[in-house]
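Below: one structure, written as structure tokens.
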Amino acid sequence: MLSCYCRNIEDIYSALMDSESDDLDTMSNALTALVAIAREQQEEIRRLKSAEHTNGLAIFELKQQVKALQDLIH
Numbered sequence: 001m002l003s004c005y006c007r008n009i010e011d012i013y014s015a016l017m018d019s020e021s022d023d024l025d026t027m028s029n030a031l032t033a034l035v036a037i038a039r040e041q042q043e044e045i046r047r048l049k050s051a052e053h054t055n056g057l058a059i060f061e062l063k064q065q066v067k068a069l070q071d072l073i074h
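For reference, each letter of the sequence shown is one residue, going 1 to 74 in my numbering.
And the structure:
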């Protein structure tokens, strides 16, 4: 998913570099788009870190259950 963000950033940068105008509106729009992409990336990173933490807790709990079952068997 993050690779699509990088592609959008490259597209915005290329469009800016290819632009013949020094129009402030164009620059402002490009900067606004880049900021929006950065915010989306930050949110995605937060979501992934949260999922990683949740998965880590689930794995820990499963290991505890396996250990408890092993203790019951032996």
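All residues carry an ideal CB built from backbone N, CA and C; glycine is no exception.
Asked	Found
Would you kindly report the start and end of the unbroken alpha helix (DSSP H) that includes residue 50?	24 to 73
Quick one: what does DSSP say residue 19 is sitting in, helix, strand or coil?	coil
Determine the direct distance from the alpha carbon of residue 53 to that of residue 69, and round the result to whole angstroms.	24 Å
For residue 26, tell me which candidate among 61, 16, 55 has the shortest Cα-Cα distance.	16
Whole angstroms is fine: what's the gap from residue 35's alpha carbon to residue 51's?	24 Å
Using the Cα positions of residue 37 and residue 59, report the straight-line distance between them to the nearest angstrom.	32 Å
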